[in-house]
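Peer 1: In my numbering, the protein residues as written are 152 to 470.
After the structure tokens below, expect a handful of questions from me.
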Ligand code: F6P
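Here it is, written out as structure tokens:
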């Protein structure tokens, strides 16, 4: 393995930079050259890259986003988007590639293996934490802490005014970020894509909370469970009370990675690169029960709902 590529794909996640640093420095440790693909899959199609040295990843450990940049590039799933990737790969003459990203990027990685015979390994990075084969993905802890910080602030206003707040968090179709925000912030309610709900029942529970002496109601909505604007409107209509809405949105994605994410990213980035040098590929490295664990890169799909349901139950009992 003399020359490897590295790419960050999909939505940026805090910790992609420490993961990239680990990949580059591990490869240098093995005396290999590293080519950083700029702007994710689109960059691979357009042939934008830079040769990286150990020094290219200095001073990035604490930076959010990805210095390689990223791009949503669904075209790679089509024939038209595939041909230019083939051209770039021919030019780059890589012996292997590390993909840092989520499910979509791993589908791309699988395609690189199958259609271009390139050894690929994956490092799970997405704030959604929805990738099977790892208990936690890079970026989740930072995003969770950002959401906690925001909800703690909203709570002060909610309590002062006795208000109901509907707070929408990211997570695509997976509710773990919302469920854990709910536990960590003592939210009254959590609405998740994995659990059906109806607004009348929700309103009854909110009123029962006030009757028990609560001074506010914090309702965390996973973006996959419905629009906060709709839920806010429906509650207002039924209860005729002061209801406000906050959509946290992209605030959760950026910012300096937490200590946990820096360590996780360093471990996973290093371990994935070591796999390539050991001649093992077609694998993602995850963290399962606090141990590094490999799983197939192919057919990842979405993680099981089990973790979300367990946390939802805990939130319900403790609220
Ligand atoms: O997958 C990460 C994520 O932040 C999701 O939680 C969210 O649904 C999506 O990306 C938003 O994507 P974009 O930044 O492309 O709008």
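For every residue, glycine included, the Cβ atom is placed at its ideal position computed from N, Cα and C.
At what residue ranges does the region 409-466 contain a whole run of the beta strand (DSSP E), taking only runs of 3 or more?
Peer 2: 434-439 and 442-447, all fully within the region 409-466.
Peer 1: With DSSP collapsed to three states, give me the class of residue 257.
Peer 2: Looking at residue 257 - three-state DSSP - the assignment turns out to be helix.
Peer 1: Need the endpoints of the alpha helix (DSSP H) that residue 382 sits in, please.
Peer 2: Note, residue 382: alpha helix (DSSP H), 379-390.
Peer 1: Thinking C-alpha only, which one of 317, 270 and 294 is nearest residue 401?
Peer 2: When each option's Cα is compared against that of residue 401, the closest is 294.
Peer 1: Can residue 168 and residue 218 be called in contact, C-beta distance under 7 Å?
Peer 2: Closer than 7 Å, so yes.
Peer 1: Name the one or two DSSP bridge partners that residue 156 has.
Peer 2: Note: residue 156 sits in a beta bridge opposite 186 and 248.
Peer 1: Select from 454, 447 and 426 the residue whose C-alpha is nearest the C-alpha of residue 181.
Peer 2: Of the listed residues, the one whose Cα sits closest to residue 181 is 426.
Peer 1: Among all the DSSP beta bridges, which residues are the ones paired with residue 370?
Peer 2: BP columns for residue 370 point to 317 and 340.
Peer 1: Run the proximity test for residue 248: is its beta-carbon closer than 6 Å to any non-hydrogen atom belonging to the ligand F6P?
Peer 2: Incorrect: residue 248 has no Cβ contact closer than 6 Å to the ligand F6P.
Peer 1: Can you say whether residue 270 is buried or exposed, counting buried as having 16 or more other CB atoms within 10 angstroms of its CB?
Peer 2: Residue 270 should be labelled buried.
Peer 1: Which two residues bound the contiguous beta strand (DSSP E) that contains residue 275?
Peer 2: Start and end: 271-275.
Peer 1: Could you give the first and the last residue of the continuous beta strand (DSSP E) run that contains residue 394?
Peer 2: Start and end: 394-398.
Peer 1: Would you mind giving the Cβ-Cβ distance between residue 278 and residue 290, rounded to the nearest angstrom? I have them listed as a contact below 8 Å.
Peer 2: Their Cβ separation, rounded to whole angstroms, is 4 Å, which keeps residue 278 and residue 290 in contact under 8 Å.
Peer 1: Buried or exposed: where does residue 307 fall if 16 or more other Cβ atoms within 10 Å of its Cβ makes it buried?
Peer 2: Flag for residue 307 reads exposed.
Peer 1: From residue 409 to residue 184, what does the alpha carbon distance come to, in whole angstroms?
Peer 2: Rounded to the nearest angstrom, the two C-alpha atoms are 29 Å apart.
Peer 1: Starting from residue 291 and walking both ways along the alpha helix (DSSP H), at which residues does that stretch end?
Peer 2: That run of the alpha helix (DSSP H) goes 291-312.
Peer 1: Nearer than 6 Å: is that true of the beta carbon of residue 167 relative to any heavy atom of the ligand F6P?
Peer 2: Residue 167 Cβ: outside cutoff for every heavy atom of the ligand F6P.
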